[in-house]
Amino acid sequence: MVRWTVVVVTLLVVLVVGGPQYALWSGEPVAAKDCVVSPVPPLPVVEESRAPAPADAAAYPGGLSQQGGTVTDASCLTRTPVFGVVRPVDEAGVRTALAYAAEHDLAVSVGGTQHALGGQASHPGGLVVDMRGLDAITVDAEARTAVVQAGATWHQVLEAVHPAGLSVATMPSVDVLSVGGTVSVNAHGLDFRAGSLSSTIRSLRVMTADGEVHRVGPEREPELFEAVVGGYGLLGVVLDVELELVDSEMYRLRSQLVEHRDFPEVFAAQVAGDDDVRLTYTHLSTAPGSLLQEAIVYTYERTGTGEPVPPLRERASDRTSRLVFNLARTGDVGQRLKWGAQKHVLPRVRGCVQPRNEALREMEACMVARNQAMYESLGFLQNRLPQYTDVLHEYFLPHEQIVPFLDELRAQLGEHDAQLLSASIRSVHREDIVLDYAQGERFSVVLYLSQEVSDAGNADMASLTRSLVASSLDLGGTFYLPYQQHYTREQVAQAYPRLAEFVATKRRFDPEERFRNSFWARYA
Numbered sequence: 001m002v003r004w005t006v007v008v009v010t011l012l013v014v015l016v017v018g019g020p021q022y023a024l025w026s027g028e029p030v031a032a033k034d035c036v037v038s039p040v041p042p043l044p045v046v047e048e049s050r051a052p053a054p055a056d057a058a059a060y061p062g063g064l065s066q067q068g069g070t071v072t073d074a075s076c077l078t079r080t081p082v083f084g085v086v087r088p089v090d091e092a093g094v095r096t097a098l099a100y101a102a103e104h105d106l107a108v109s110v111g112g113t114q115h116a117l118g119g120q121a122s123h124p125g126g127l128v129v130d131m132r133g134l135d136a137i138t139v140d141a142e143a144r145t146a147v148v149q150a151g152a153t154w155h156q157v158l159e160a161v162h163p164a165g166l167s168v169a170t171m172p173s174v175d176v177l178s179v180g181g182t183v184s185v186n187a188h189g190l191d192f193r194a195g196s197l198s199s200t201i202r203s204l205r206v207m208t209a210d211g212e213v214h215r216v217g218p219e220r221e222p223e224l225f226e227a228v229v230g231g232y233g234l235l236g237v238v239l240d241v242e243l244e245l246v247d248s249e250m251y252r253l254r255s256q257l258v259e260h261r262d263f264p265e266v267f268a269a270q271v272a273g274d275d276d277v278r279l280t281y282t283h284l285s286t287a288p289g290s291l292l293q294e295a296i297v298y299t300y301e302r303t304g305t306g307e308p309v310p311p312l313r314e315r316a317s318d319r320t321s322r323l324v325f326n327l328a329r330t331g332d333v334g335q336r337l338k339w340g341a342q343k344h345v346l347p348r349v350r351g352c353v354q355p356r357n358e359a360l361r362e363m364e365a366c367m368v369a370r371n372q373a374m375y376e377s378l379g380f381l382q383n384r385l386p387q388y389t390d391v392l393h394e395y396f397l398p399h400e401q402i403v404p405f406l407d408e409l410r411a412q413l414g415e416h417d418a419q420l421l422s423a424s425i426r427s428v429h430r431e432d433i434v435l436d437y438a439q440g441e442r443f444s445v446v447l448y449l450s451q452e453v454s455d456a457g458n459a460d461m462a463s464l465t466r467s468l469v470a471s472s473l474d475l476g477g478t479f480y481l482p483y484q485q486h487y488t489r490e491q492v493a494q495a496y497p498r499l500a501e502f503v504a505t506k507r508r509f510d511p512e513e514r515f516r517n518s519f520w521a522r523y524a
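Here it is, written out as structure tokens:
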């Protein structure tokens, strides 16, 4: 109780004394950031597409949504000059884009909400196909499926399935991402039993470079399906996806504080070993003194009491969360404040539903709907601080190597300037796709890091990334590809042993290499 009071008093002092700085550190962004940093050697150079300047090319049918200029991503660190951006609203519009690109020898990259952070949705001088204009969702409650166009976000999907008493089998832990984009990276989330998206897709439709539409799935054109899912948009344009749905349920949310060395045993016995636990994630301490040594394990458990499922609720405000999160960027005091709030304040203010079951009510159980647990846009991550930008890392470790990796991570962070704002652990397993990041049962370590928007900040992040990639590989693990491309070709080949097979499949379905992005240019 004393610690909780100290945290609250500290926060109140910040709010009062901060004065004019409060709006800056707690406010939403007023415009997109424009980060200018130099590439870090020895990052391979991406050659510009051989294409006419936008002014010299034949007019695009119906016009481009952006002609020339540049595009970037959520990190704002990969600003790329492009021929233009087109936002089709139907299948015919996608086919027109591919035909135009072929006629003018343009590279094609496919994008959505631009949360891949290393240029995976762009190519210099290329045509970007922005899929956000295709966002229709059709729910079949009887078949327990949803057909979702690629540009729809998971936020929209949850809103579509919730009234039918249904939920998605799995999805990424942030709901602002597009469905097509997350299929292209084979995202995963809180449902550790379902695994990643690939295991919950009944079928999908993809348009290849020749304009042909293929309906593929685990049993239909599996070679193409296994390369499209987790294939970073390099095989074709995903048009829509047929997803498996499950029942929407009420869960009891519990949390417990554990030492990081005890986490593997706690997970095996109390999470994976308890069939009532359906969702889980773990937050690690980012505070000095307990950095990556304390962990809060969150579990969502079935109760079997038939609690009614309420409507979805939007978060009331992100200002306080954003303020606490941004203060953590400043170092020790801010990090202690954030971790203290997670341990002592958050459990008291969490948005729980009061159970109707008398026994659960007497236990003051915190009840949360399955969809509500995943209905999270994390708006507090957005800020108006021009001197900082945020990047993600993710590493996949064998269960027995999670503790050595966290110990190595702690040492590496002490040698770099980047601030670790959040660290979490999830669980994934092997999937039947070509570029599979999990070679077995793995713990996923997700890092959310803040870096300075400067050449020095970018170089520091590159050095940290290479060190952590090397550490994960040394421990028999792998790393995730959708983020900043500071890793080497050799490291990609080691982490993804079927890379050559992926390249061969891509060239069979796209012999002209029409679909290109930074990953293809640098690593294929």
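Each residue of the sequence shown is one higher than the last, beginning at 1 in the UniProt record's numbering. Just so you know, even glycine gets a beta-carbon here, dropped at the ideal spot from N, CA and C.
Whole-Å CB distance - residue i paired with residue j, under 8 Å assumed
i, j, result
"G126", "L106", "6 Å"
"T113", "V176", "6 Å"
"V30", "R384", "6 Å"
"residue 529", "E301", "Given that the chain is displayed from residue 1 to residue 524, the structure contains no residue 529 and the question cannot be resolved."
"V110", "V86", "About 11 Å separates the two Cβ atoms, so there is no contact after all."
"L312", "Y375", "5 Å"
"L224", "H260", "Their Cβ separation, rounded to whole angstroms, is 41 Å, which puts L224 and H260 out of contact at 8 Å."
"A116", "G181", "7 Å"
"P398", "G273", "Not quite, the Cβ-Cβ distance comes to about 18 Å (not below 8 Å), so this is no contact."
"L64", "F515", "The pair is not a contact, with the Cβ atoms about 18 Å apart (cut-off 8 Å)."
"V266", "T299", "The Cβ separation is near 10 Å, so there is no contact."
"T303", "R350", "Rounded, the Cβ-Cβ distance is 17 Å, inconsistent with contact."
"Y437", "T389", "Wrong, their Cβ atoms sit about 24 Å apart, outside the cutoff."
"R498", "L435", "7 Å"
"N517", "H123", "5 Å"
Local Cβ density within 10 Å of residue i, reported as buried at 16 or more and exposed below that
i, result
"D276", "exposed"
"E431", "buried"
"Q149", "buried"
"W520", "buried"
"Q21", "exposed"
"Q387", "exposed"
"S422", "buried"
"residue 526", "Since the first residue shown for the chain is 1 and the last is 524, residue 526 is missing from the structure and cannot be characterised."
"A269", "exposed"
"R348", "exposed"
"V36", "exposed"
"T138", "exposed"
"A373", "buried"
"S38", "exposed"
"R336", "buried"
"A23", "exposed"
C-beta contact flag for residue i and residue j at 8 Å
i, j, result
"R205", "L239", "yes"
"G379", "D318", "yes"
"residue 581", "V94", "Residue coverage of the chain in this structure runs from 1 to 524, which leaves residue 581 outside it and unanswerable."
"A328", "G334", "yes"
"residue 526", "L464", "Outside the shown range of the chain, which is 1 to 524, sits residue 526, and nothing can be said about it."
"N371", "H214", "no"
"S198", "I433", "yes"
"V229", "V179", "no"
"G189", "I201", "no"
"T485", "G119", "Residue identity differs from the one stated: residue 485 is Gln in this sequence, not Thr. Against a cut-off of 8 Å, the Cβ pair of G119 and Q485 comes out as a contact."
"K343", "V324", "no"
"T286", "L420", "yes"
"L409", "L292", "yes"
"S427", "F443", "yes"
DSSP beta-bridge partners of residue i
i, result
"I201", "L243"
"T145", "D140 and E244"
"T389", "Q451"
"P311", "Answer is none; P311 lacks a bridge partner."
"A369", "M250"
"T465", "T465 pairs with nothing; no bridge assigned."
"F380", "None, per the DSSP bridge assignment."
"T330", "Per DSSP, none; premise fails for T330."
"R220", "G217"
"A102", "DSSP output for A102 lists no bridge partner at all."
"residue 585", "Outside the shown range of the chain (1 to 524) lies residue 585, about which nothing can therefore be said."
"Q67", "G84"
"I402", "Its beta-bridge partners do not exist; DSSP assigns none."
"Y523", "Paired residue(s): none; Y523 is not in a bridge."
"L420", "L449"
"residue 541", "The structure shown does not extend to residue 541, since the chain is modelled only from 1 to 524, so the question has no answer here."
Point to revise | Three-pair Cβ contact test at 8 Å for the region 403–412 versus the region 375–394 | key: No: the two stretches stay apart, fewer than three of their Cβ pairs being nearer than 8 Å.
Check your understanding: Does the region 235–252 touch the region 155–173, meaning 3 or more C-beta pairs lie closer than 8 Å?
Key -> Yes, since at least three Cβ pairs between the region 155–173 and the region 235–252 fall closer than 8 Å, the two stretches touch.
**Study point:** Contact between the region 363–380 and the region 439–453 (3+ Cβ pairs under 8 Å)
**Key:** Taking 8 Å as the limit for Cβ pairs, the verdict is that the region 439–453 does not touch the region 363–380.
Practice item. Kindly confirm or deny that the region 196–215 and the region 156–166 touch, where touching means at least three C-beta pairs closer than 8 Å. Key: Contact between the region 196–215 and the region 156–166 is absent, because fewer than three Cβ pairs lie under 8 Å.
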